[in-house]
Every structure is written in C-alpha cells, then in structure tokens.
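Report on the following structure.
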Amino acid sequence: VQCRSAGGLNPWIASDTRLKSTVGEDVTLICNYDAKYYGKLSACWGRGAIPNSGCANEVIKSDGTSVISRLSERYLLKGNFGEGDVSLTIRQVEEGDSGTYGCRVEIPGWFNDHKHQLTLTVVAGETHRETL
Numbered sequence: 001v002q003c004r005s006a007g008g009l010n011p012w013i014a015s016d017t018r019l020k021s022t023v024g025e026d027v028t029l030i031c032n033y034d035a036k037y038y039g040k041l042s043a044c045w046g047r048g049a050i051p052n053s054g055c056a057n058e059v060i061k062s063d064g065t066s067v068i069s070r071l072s073e074r075y076l077l078k079g080n081f082g083e084g085d086v087s088l089t090i091r092q093v094e095e096g097d098s099g100t101y102g103c104r105v106e107i108p109g110w111f112n113d114h115k116h117q118l119t120l121t122v123v124a125g126e127t128h129r130e131t132l
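Each residue of the sequence shown is one higher than the one before, counting from 1 in UniProt numbering.
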C-alpha cells in the first residue's frame with residue numbers, strides 16, 4: 001500500500017493499513033513519496049498515533065540521504081531514498097513489535113507532511129514436534 005497524491009488542499013492521504021506477520025520474520029512497512037517532485041526529504045517512523053509534528057516514540061529517522069538515528073539495529077530503511085522509498089524493515093519481529101506504526105515525510109510548508117499509519121500484528125509461529 002502506498003500513499004499517493006490526492007489533490008486538493010491537503011495533497012496526501014493518511015491511510016490506515018493492517019499487516020500480520022509471524023515471530024522471527026523480517027517485515028517491511030511500506031511508505032513512499034514523490035522524490036522526483038519534492039527531492040530527498042527527512043522522514044521518521046514512530047510507534048503509536050502520528051502526532052501533529054515529528055513521530056511519537058521514534059524508532060528511526062532519516063535526513064533524506066541516510067539514517068541519522070535508530071532505536072535498534074533491528075530497524076532499517078533499505079529502500080532507495082532518491083526514489084522516495086522510506087519503508088521500514090523490522091528484522092526478526094517479536095510479539096512485542098505488534099502495534100501501531102506511523103511514517104511521516106516532512107514536506108516543506110504548513111500541514112503538507114505525508115503521513116501513513118498502519119497496525120502490525122505479530123503472532124507466534126507453529127511449533128513442530130517430532131514424536132519418536
């Protein structure tokens with residue numbers, strides 16, 4: 001799911017998406033913007049609802065060219081910043097990673113920021129036991 005320009009006064013749709021993953025998998029939460037139009041922009045990911053500015057409980061932040069802070073080495077921005085891909089990859093998810101995540105791309109001007117919110121549910125995998 002990508003947020004796309006919707007036209008009008010606020011050109012960005014704040015979308016709400018639900019994802020499900022299994023403990024131990026790597027999961028990527030998608031967030032893109034039009035870098036050809038805007039150029040490279042700062043972006044952040046946080047846990048919880050997206051506040052009026054910045055990211056709540058920030059897990060990772062980019063200055064538009066590289067990651068400048070991260071809460072853990074498990075959080076990665078592996079996409080191409082030059083193409084506007086600021087998708088968050090969480091390595092080896094745990095049940096504690098379940099919850100709401102928000103992506104904010106800081107677009108210059110008042111109330112222009114691109115915001116994308118989603119809910120991640122991480123479930124335990126099936127345990128396979130052999131009987132002898």
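Note that CB positions come from ideal geometry on N, CA and C, so glycine has one too.
Residue i and residue j closer than 9 Å at C-beta
| i | j | result |
| --- | --- | --- |
| Ile-68 | Leu-29 | no |
| Val-86 | Asn-52 | no |
| Gly-64 | Phe-81 | yes |
| Gly-84 | Asp-26 | no |
| Gly-125 | Thr-22 | yes |
Burial state of residue i (16 or more Cβ within 10 Å)
| i | result |
| --- | --- |
| Val-123 | exposed |
| Trp-110 | exposed |
| Gly-24 | exposed |
C-beta neighbour in chain C for residue i, strict 9 Å
| i | result |
| --- | --- |
| Leu-118 | The displayed structure is made up of one protein chain only, and chain C is not part of it. |
Rounded separation between residue i and residue j - CA only
| i | j | result |
| --- | --- | --- |
| Ser-62 | Arg-47 | 16 Å |
| Cys-55 | Arg-104 | 7 Å |
| Ser-98 | Leu-88 | 14 Å |
| Val-93 | Lys-78 | 16 Å |
| Trp-45 | Leu-71 | 10 Å |
| Asn-57 | Thr-119 | 15 Å |
Sequence-distant residues of the same chain with beta carbon closer than 7 Å to residue i, five excluded per side
| i | result |
| --- | --- |
| Lys-40 | Gly-64, Thr-65, Phe-81, Gly-82 |
| Asp-113 | Arg-104, Val-105, Glu-106, Ile-107 |
Residues of its chain near residue i, where Cβ-Cβ distance is below 6 Å and the 5 sequence neighbours each way are ignored
| i | result |
| --- | --- |
| Thr-121 | Lys-20, Ser-98 |
| Ser-42 | Asp-63, Gly-64, Glu-106 |
| Lys-36 | none |
Own chain residues within Cβ distance below 8 Å of residue i, not counting five before or after
| i | result |
| --- | --- |
| Ile-60 | Cys-44, Trp-45, Val-67, Ser-69, Arg-70, Leu-71, Tyr-75, Leu-76, Leu-77, Leu-88 |
Could you name each continuous alpha helix (DSSP H) segment of 4 residues or more that falls completely within the UniProt domain "Ig-like" (11 to 121), going from the start of the chain to the end?
35 to 38
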